[in-house]
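Chemist: One structure follows; several queries about it will come next.
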Amino acid sequence: SPDNAKIFINMQVPHLYNTDSAEKRWEHNSDRDFAGYVNLSYTFYPGIESSMTLKAGGMYRNKIRDSFFNEYTFDSATDIYNPQYYGEDWNNFDELLLKPRRYGNIGDPLNYDAWENIAAGYLMAKYEWDKLEVIAGVRAEHTDQGYRLDFPRQTESEGSQNYVDILPSVHIKYQVHEDANLRFSYGRSINRPGFFEIVPYTILNEDYDEKGNPGLEHTVADNLDLRYEFFPRSSEQFMVGLFWKKLQNPIETGLINEGQSTFITPMNFGDATNAGVEVDLMKYFNWFGIKANYTYTHSSITTNKRLREGTEVKTVDQTRPLYGQAAHVANLSLLFNFPKYGIEAQLSGSYTGKRLSEISNWFNNDIWEAGYVELDASLEKSFKSGLSIFAKATNLLDSPTIRYINPNSLTESLKDYPTWRGAVIERKEWHDISMVVGIRFSL
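Take 10 as the starting number for the sequence shown in the working numbering and just add one per residue.
This is the structure:
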């Protein structure tokens, strides 16, 4: 059966198109991942209460993907004089009478071989003395990533990227008092594009078409963290921290226009910064417990946008958050534990603030996802025989996903479209409540 199926309906009249009625896709990926590691370690004691550990090592990893894609076009099995009317001849897609064309479309760019070869080596030192612990090191990584198209279309049949990253890090931990630590860390890290992102494919979807980006660059991040942590008991904790991140070429999802089509594609828009604070708390009061955390993130990136003023289109700068980064994220769980009766229960709520869902190349025309609240619950009863009964429910509030565009010159003509707090709704979806009831047995 196909991994992906699409049905096109003629919106002018309530019947199926007679030609190009449907498309069905067969997609299959085969991945192979080999890795080898070498690590050496030596520990000595320079003082009475101190120790030093030196480490060195290396890694080599080879990842290969073989991607197969075929797409068949189906026409209506009835002729033009006998159209298939919705509500009369069919109600569900599996009731449609369709006939496939003889040949598929295996010449699509999604038929490709891709590889990722990573060679890395590191040096590290760990020093411990009394209440102090220091870990410092450096890691070097060489990346060779690329693809080979089976059937190239107006593009090079092969593409690859080779680069070397030097990734230093230092971590300092100091015990400020009993059961409490103060931590400081700096580290450089990278985020590589995925295979699917760098292959020059094109997929035609219901809403937006998709494109790969062979020129997509990897992200380099410098991270600073400062955290205080306190563990009064084994099941209790309090942590508060500050963080700052500088990101070079973060990978975001954007909208681009080519001719009459709009495509979603992964892109590098420039450098960005993330800074914020996070608080985490877990506390038990006999059979009742609370677990809560909150993170505030100020995210900033400045990119070029197009702005239409009359008949003129000019380029301006706009500062915005990173794609997918919400300023406010909070979680609260109420925990109930009755060991004597073998009962555990949990009620969890979470809030995710508004965030960018798609990035437009027009000024103030980005698509946002509204903030939402989710509520989940679970209950489990265990018996001495090893049998347990459990129930889980998710999305109890059935909170909708709302994507919207803030008012701008491009939305002025969309007065008949539904709005949300003055913004034009691009999409509104409900995901329904999900419930699971089961029995578990442990030997």
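Note that beta-carbon positions come from the ideal geometry of N, C-alpha and C, so glycine has one too.
1) For Asp-455 versus Tyr-121, is the C-beta distance shorter than 8 Å?
2) In terms of residues, what are the limits of the beta strand (DSSP E) holding Ile-368?
3) Just to confirm my understanding: we take Asn-200, look at its own chain, exclude 5 residues before and 5 after, and list those with CB closer than 6 Å. What are they?
4) Just to confirm the assignment, what range does the alpha helix (DSSP H) spanning Phe-205 have?
5) For Val-286, which beta-bridge partners are listed by DSSP?
6) Checking 8 Å against the spacing of the C-beta atoms, do Tyr-360 and Ala-336 come in under that value?
7) With Asp-385 and Leu-405 assumed to form a contact (beta carbons below 8 Å), what rounded beta-carbon distance in angstroms separates them?
8) How would you write the range of the beta strand (DSSP E) that Ile-442 sits in, first residue to last?
9) Return helix, strand or coil for Glu-389, following the three-state DSSP convention.
10) Grab the span of the beta strand (DSSP E) containing Lys-64 for me, first residue to last.
11) Which whole-angstrom value describes the C-beta separation of Ser-60 and Glu-137, a residue pair presumed to lie in contact below a C-beta threshold of 8 Å?
12) What three-state label does DSSP hand Tyr-131 in the structure shown?
13) Take Lys-140 and list the residues in its own chain whose beta-carbon comes closer than 7 Å to its own, dropping the five residues that flank it on each side.
14) So, for Asp-174: in the same chain, excluding its five sequence neighbours on each side, which residues have a beta-carbon less than 6 Å away from its beta-carbon?
15) What whole-angstrom Cβ distance do Asn-277 and Lys-314 have, given they're in contact under 8 Å?
16) Report all residues from its chain with a CB closer than 7 Å to the CB of Pro-416; omit the five preceding and five following residues, and keep chain order.
17) On a CA-only basis, which of Gly-285, Trp-124, Glu-142 is nearest Glu-58? Give me that one, please.
18) What residue does the beta strand (DSSP E) around His-227 start on, and which one ends it?
19) Assuming Thr-262 contacts Ile-89 (C-beta within less than 8 Å), just tell me the rounded distance between them.
20) Under 8 Å between the Cβ atoms of Leu-251 and Leu-235?
21) Buried or exposed: where does Asn-295 fall if 16 or more other Cβ atoms within 10 Å of its Cβ makes it buried?
22) Exposed or buried, which one is Thr-311 when buried takes at least 16 other CB atoms within 10 Å?
23) Could you spell out where the beta strand (DSSP E) holding Gln-355 opens and where it closes?
24) Does the stretch 99-117 touch the stretch 66-85, meaning 3 or more C-beta pairs lie closer than 8 Å?
25) Checking 8 Å against the spacing of the C-beta atoms, do Phe-78 and Asp-40 come in under that value?
26) Is it the case that the Cβ atoms of Val-382 and Ser-408 are separated by a distance below 8 Å?
27) Taking all protein chains shown into account, do 16 or more other C-beta atoms lie within 10 angstroms of the C-beta of Tyr-156, making it buried, or fewer, making it exposed?
28) Thinking C-beta only, is Arg-412 closer than 8 Å to Ile-376?
29) Could you have a look at Asp-103 and say whether DSSP puts it in helix, strand or coil?
30) Taking three-plus beta-carbon pairs below 8 Å as touching, is the stretch 315-323 in contact with the stretch 280-300?
Modeler: Taking the definition as stated:
1) The displayed coordinates of the chain run from 10 to 452. Any statement about residue 455 would go beyond what the structure contains.
2) Position 359 of the sequence shown, counting from 1, holds the residue named residue 368. Run containing Ile-368: none; DSSP gives neither H nor E here.
3) Here residue 200 refers to the residue found at position 191 when the sequence shown is read from its first residue. Cβ contact annotation for Asn-200 (same chain, cutoff 6 Å, sequence separation greater than five): Thr-228, in chain order.
4) Along the sequence shown, one-based indexing puts residue 205 at 196. Its alpha helix (DSSP H) spans residues 204-207.
5) As a working mapping, residue 286 is identified with position 277 in the sequence shown. Within the DSSP secondary-structure output, Val-286 pairs in a beta bridge with Leu-251, Tyr-305.
6) Position 351 of the sequence shown, counted from the first residue, corresponds to residue 360. Position 327 of the sequence shown, counted from the first residue, corresponds to residue 336. No, they are not a contact pair.
7) Here residue 385 refers to the residue found at position 376 of the sequence shown. Here residue 405 refers to the residue found at position 396 of the sequence shown. About 7 Å separates the two Cβ atoms, so the contact holds.
8) Counted from its first residue, the sequence shown places residue 442 at position 433. Membership of Ile-442 in any beta strand (DSSP E) is not indicated, and neither H nor E is assigned to it by DSSP.
9) The residue labelled residue 389 in the question sits at position 380 within the sequence shown. Note: Glu-389 maps to strand in three-state DSSP.
10) Within the sequence shown, residue 64 is the residue found at index 55, counting from 1. 59-85 is the extent of the beta strand (DSSP E) around Lys-64.
11) One-based indexing of the sequence shown puts residue 60 at position 51. One-based indexing of the sequence shown puts residue 137 at position 128. So it is a contact: roughly 5 Å between Cβ atoms.
12) For the purposes of this step, residue 131 is identified with residue 122 of the sequence shown, where counting begins at 1. In the structure shown, Tyr-131 sits in a strand (DSSP, three-state: E or B).
13) The residue labelled residue 140 in the question sits at position 131 within the sequence shown. The answer, listed in chain order, is Tyr-183, Gln-184.
14) Residue mapping note: residue 174 aligns to position 165 of the sequence shown, counting from 1. Glu-150, Ile-199.
15) Position 268 of the sequence shown, counting from 1, holds the residue named residue 277. Position 305 of the sequence shown, counting from 1, holds the residue named residue 314. With 8 Å as the limit, Asn-277 and Lys-314 do not qualify as a contact, their Cβ atoms being about 16 Å apart.
16) Within the sequence shown, numbered from 1, the residue matching residue 416 stands at position 407. Result list for Pro-416: Gly-431, Ala-432, in chain order.
17) Taking the first residue of the sequence shown as position 1, residue 58 is located at position 49. For Glu-58, the nearest C-alpha among the options comes from Glu-142.
18) Counting from 1 along the sequence shown, the entry for residue 227 is found at position 218. It is not in any beta strand (DSSP E) - His-227 carries neither H nor E in the DSSP assignment.
19) As a working note, residue 262 is residue 253 in the sequence shown. As a working note, residue 89 is residue 80 in the sequence shown. With 8 Å as the limit, Thr-262 and Ile-89 do not qualify as a contact, their Cβ atoms being about 41 Å apart.
20) Here residue 251 is taken as the residue at index 242 of the sequence shown, counted from 1. Here residue 235 is taken as the residue at index 226 of the sequence shown, counted from 1. Their beta carbons are under 8 Å apart, which means Leu-251 touches Leu-235 by this criterion.
21) Sequence index remark: in the sequence shown, residue 295 carries index 286 (1-based). Flag for Asn-295 reads exposed.
22) Locating residue 311 in the sequence shown gives position 302, where the first residue counts as 1. Exposed, by the Cβ-count rule.
23) Position 346 of the sequence shown, counted from the first residue, corresponds to residue 355. Element bounds for Gln-355: 352-361.
24) The stretch 66-85 makes contact with the stretch 99-117; the number of CB pairs closer than 8 Å reaches 3 or more.
25) Locating residue 78 in the sequence shown gives position 69, counting from the first residue. Locating residue 40 in the sequence shown gives position 31, counting from the first residue. Their beta carbons are not under 8 Å apart, which means Phe-78 does not touch Asp-40 by this criterion.
26) Residue mapping note: residue 382 aligns to position 373 of the sequence shown, counting from 1. Residue mapping note: residue 408 aligns to position 399 of the sequence shown, counting from 1. In this structure, Ser-408 lies closer than 8 Å to Val-382 by Cβ.
27) Against the sequence shown, residue 156 aligns to sequence position 147. Of the residues assessed, Tyr-156 falls on the buried side of the cut-off, its CB having 16 or more other CB atoms within 10 angstroms.
28) Position 367 of the sequence shown, counting from 1, holds the residue named residue 376. Position 403 of the sequence shown, counting from 1, holds the residue named residue 412. In contact: Ile-376 and Arg-412 (Cβ atoms closer than 8 Å).
29) Against the sequence shown, residue 103 aligns to sequence position 94. When DSSP states are grouped into helix, strand and coil, Asp-103 belongs to the helix group.
30) The stretch 315-323 is not in contact with the stretch 280-300.
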